[in-house]
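S.K.: What follows is a single structure, and I will ask about it in a moment.
In the working numbering, the protein residues as written are 1165 to 1683.
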């Protein structure tokens, strides 16, 4: 073919004549595909985050996606305090997988790795932390655990790989090895990802907003995956998500402005019929965009006037309640409402004398891996008087003197931990007071792994907000935060009531007020 065309070209040059243009259909197809890719890239909205954010690439691999674990893993990521700045579900091509893992080309398993990573869809995330961690790469790698599944199950049984990995390559999740690799992977997978300029951070361009979305129980139960997929298609990132079983009082607090309306009994019944899916959604113009997506409150009007709205798509026949139920009315409402469903708390954590020498570092790793911010910490040896004051509520108990003696026997570490729902989350991580019970019911908890008996159970955590405040005051004194509102009498506390107790008083693995030595 090539020789023939060269001969024809020579004839044109020597004798003159018509030069015919040869069109290669394969080449034209490649050019068209390249143009479409370029056009899609140009039309795709840039992902902009503050320059102060540290971020890394996370991939939920094809094995975990195929087993239907993607959304479960995403919820655990968010519950651990990580923020998802970008999220795409896509299948890597073999060429992309080969290029992405080219730094492992010399390994024997390279070809198998390429075939596996291109075998089906993955969920590709850009992950950061709410507390603007200086190095989220290290925190993420700590959270997912060692690449080797057996090592992960042995050394980090609570890690994602230990829980969801099955063998060698099929270890469920990927994390960038260091900051430099994170940068390369971001450029490869999210070419439109960039940090905000000074101008953007000063507010001269549109900011990313958050809004609260509530999905009613029956829709969350029957259409959860479809709702989340359509939310993602609409350009939102699900920054936080949680299923919550609400009490009647909590529904009345949150929807206080509707309590006197005729439709409220139906709303109350629906909201308490099962877990509500609460979502903090992020994107530019989030508040208005989510309200537009919801459609009109009256679903009969929505069916006629807004056929593309979510309200129409998931409407329940003969039911006037919007299936998406709620969207924040303003930015101010959004922040208050997000705080209602995802309250920020501080709690006192203690690493007890029995765990200090051998287990302190591992416990601190667990604290950071689960998304807690350490506001303050100190290492000390308690005096007898200090220990007696700290445990004064147990003064009349028969074990009191033994408890005080143990707490004065060596150094302990006191920490103020900060996180959404910090008190209950920390108690869940600690596990039941009795290590033997913990080993049976919560084998990955700290007390199951590091405690030996009810007294020597490695860690302590405040049981309520009141105890947390009192214990922090005893150990650290007054630590008034700049973030607290001044008590000037102008704060409106009736907007949505008190921050939500997400467990409605239900006992956590850490237990409540035990008749045994305290938590």
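Beta carbons: idealized from backbone N, C-alpha and C, even for Gly.
(1) Using 8 angstroms as the threshold, is the C-beta distance between residue 1308 and residue 1290 below it?
(2) Measure the C-alpha to C-alpha separation of residue 1556 and residue 1631 and round it to an integer number of angstroms.
(3) For residue 1582, collect the residues of the same chain with a Cβ closer than 6 angstroms to its Cβ; drop the 5 residues on either side in sequence, then sort them by chain order.
(4) Do you know how far the Cα of residue 1323 is from the Cα of residue 1565?
(5) Could you pull the start and end residues of the alpha helix (DSSP H) that residue 1416 belongs to?
(6) Does the structure place the segment 1261 to 1274 close enough to the segment 1308 to 1319 that three or more beta carbon pairs sit under 8 angstroms?
(7) In angstroms with no decimal places, state the Cα-to-Cα distance between residue 1315 and residue 1347.
(8) Under a Cβ-count criterion, where at least 16 other Cβ atoms within 10 Å of its own Cβ denotes burial, should residue 1390 be classed as buried or exposed?
(9) So the alpha helix (DSSP H) residue 1530 belongs to, where does it begin and stop?
(10) Counting only the same chain and skipping the five closest in sequence on each side, list residues whose C-beta sits under 6 angstroms from that of residue 1202.
(11) What are the start and end residues of the beta strand (DSSP E) that includes residue 1637?
(12) Spell out whether any CB of chain D is found under 8 angstroms from the CB atom of residue 1299.
(13) Compute the distance between the beta-carbons of residue 1533 and residue 1244, then report whether it is under 8 angstroms.
(14) Nearest by alpha-carbon distance to residue 1277: which of 1259, 1440, 1573 and 1449 is it?
(15) Hey, residue 1226 and residue 1281: beta-carbon distance below 8 angstroms or not?
(16) Tell me, please, which residues DSSP counts as bridged to residue 1301.
(17) Going along the chain, which residues of its own chain have a beta-carbon closer than 8 angstroms to the beta-carbon of residue 1286, five neighbours each way excluded?
(18) Under a Cβ-count criterion, where at least 16 other Cβ atoms within 10 Å of its own Cβ denotes burial, should residue 1300 be classed as buried or exposed?
(19) Just mark residue 1595 as buried or exposed, buried being the case when its beta carbon has 16 or more other beta carbons within 10 Å.
(20) Find the nearest neighbour of residue 1375 within the set 1602, 1500, 1424 and 1598, judged by alpha-carbon distance.
(21) If you drop the 5 nearest sequence neighbours on each side, which residues of the same chain put their C-beta closer than 7 angstroms to that of residue 1606?
(22) In whole angstroms, what separates the C-alpha of residue 1440 from that of residue 1572?
(23) CB-CB under 7 angstroms to residue 1410, same chain, minus the five flanking residues each way: which ones, in chain order?
(24) With DSSP as the reference, identify every bridge partner of residue 1380, one or two as the case may be.
(25) Whole angstroms are fine: how far does the CA of residue 1427 sit from the CA of residue 1326?
(26) Determine the direct distance from the alpha carbon of residue 1568 to that of residue 1549, and round the result to whole angstroms.
(27) Taking 6 angstroms as the limit between beta carbons, can you name the residues of its chain near residue 1492, skipping five residues before and five after?
(28) If you scan the segment 1530 to 1603 from start to end, which runs of the alpha helix (DSSP H) of 4 or more residues do you find wholly inside it?
(29) Can you say whether residue 1685 is buried or exposed, counting buried as having 16 or more other CB atoms within 10 angstroms of its CB?
(30) Rank 1519, 1559 and 1636 by C-alpha distance to the C-alpha of residue 1701 and give the top, closest one.
(31) Opposite residue 1433 in the DSSP bridges: which residues?
(32) Identify whether residue 1469 lies in helix, strand or coil by the three-state DSSP scheme.
(33) Quick one: what's residue 1123 bridged to in DSSP?
(34) What are the start and end residues of the beta strand (DSSP E) that includes residue 1246?
(35) Relative to the C-alpha of residue 1218, which candidate in 1319, 1342, 1235 and 1270 has its C-alpha closest?
(36) Check for me: the beta strand (DSSP E) holding residue 1293 runs from which residue to which?
M.R.: Let me lay it out:
(1) no
(2) Annotation: residue 1556 to residue 1631 spans about 12 angstroms, alpha carbon to alpha carbon.
(3) Scanning its chain for C-beta atoms nearer than 6 angstroms, with the 5 sequence neighbours on each side dropped, one finds around residue 1582 the residues 1510, 1537 and 1539, in chain order.
(4) Between residue 1565 and residue 1323, the C-alpha separation is close to 38 angstroms.
(5) 1412 to 1418
(6) no
(7) 28 angstroms
(8) exposed
(9) From DSSP, the alpha helix (DSSP H) with residue 1530 extends over 1517 to 1533.
(10) A caution first: residue 1202 carries a pLDDT of 37, below 50, which makes its placement in the model unreliable, though a value can still be read off. No residues qualify anywhere along the chain.
(11) Judged by DSSP secondary structure, residue 1637 falls outside any beta strand (DSSP E) and instead within the alpha helix (DSSP H) spanning 1629 to 1640.
(12) Absent from the structure: chain D. Only one protein chain is present.
(13) yes
(14) 1259
(15) yes
(16) According to DSSP, residue 1301 bridges with nothing at all.
(17) 1223, 1224, 1225, 1226, 1229, 1253, 1254, 1255 and 1256
(18) Of the other Cβ atoms in all chains shown, 16 or more fall within 10 Å of the Cβ of residue 1300; this residue is therefore buried.
(19) buried
(20) 1500
(21) 1595, 1596, 1612 and 1673
(22) 46 angstroms
(23) Contacts found: 1435, 1436 and 1440.
(24) Per DSSP, none; premise fails for residue 1380.
(25) Going by the C-alpha atoms only, they are around 48 angstroms apart.
(26) 9 angstroms
(27) The beta carbon of residue 1492 sits closer than 6 angstroms to those of 1375, 1376, 1451, 1498 and 1501, all from its chain and outside the five residues before and after it, given in chain order.
(28) 1548 to 1554, 1564 to 1571 and 1586 to 1594
(29) For residue 1685 there is no data in the structure shown, the boundaries of the chain being 1165 and 1683.
(30) Nothing can be reported for residue 1701, as the shown portion of the chain is limited to 1165 through 1683.
(31) Answer by DSSP bridge pairing: none, since residue 1433 is not bridged.
(32) Below a pLDDT of 50, predicted positions are generally treated as unreliable, and residue 1469, at 38, falls in that range; the measurement from the model is reported next regardless. Helix, per DSSP.
(33) For the chain, the structure presents residues 1165 to 1683; residue 1123 sits outside this window and is missing.
(34) 1246 to 1254
(35) 1342
(36) 1286 to 1293
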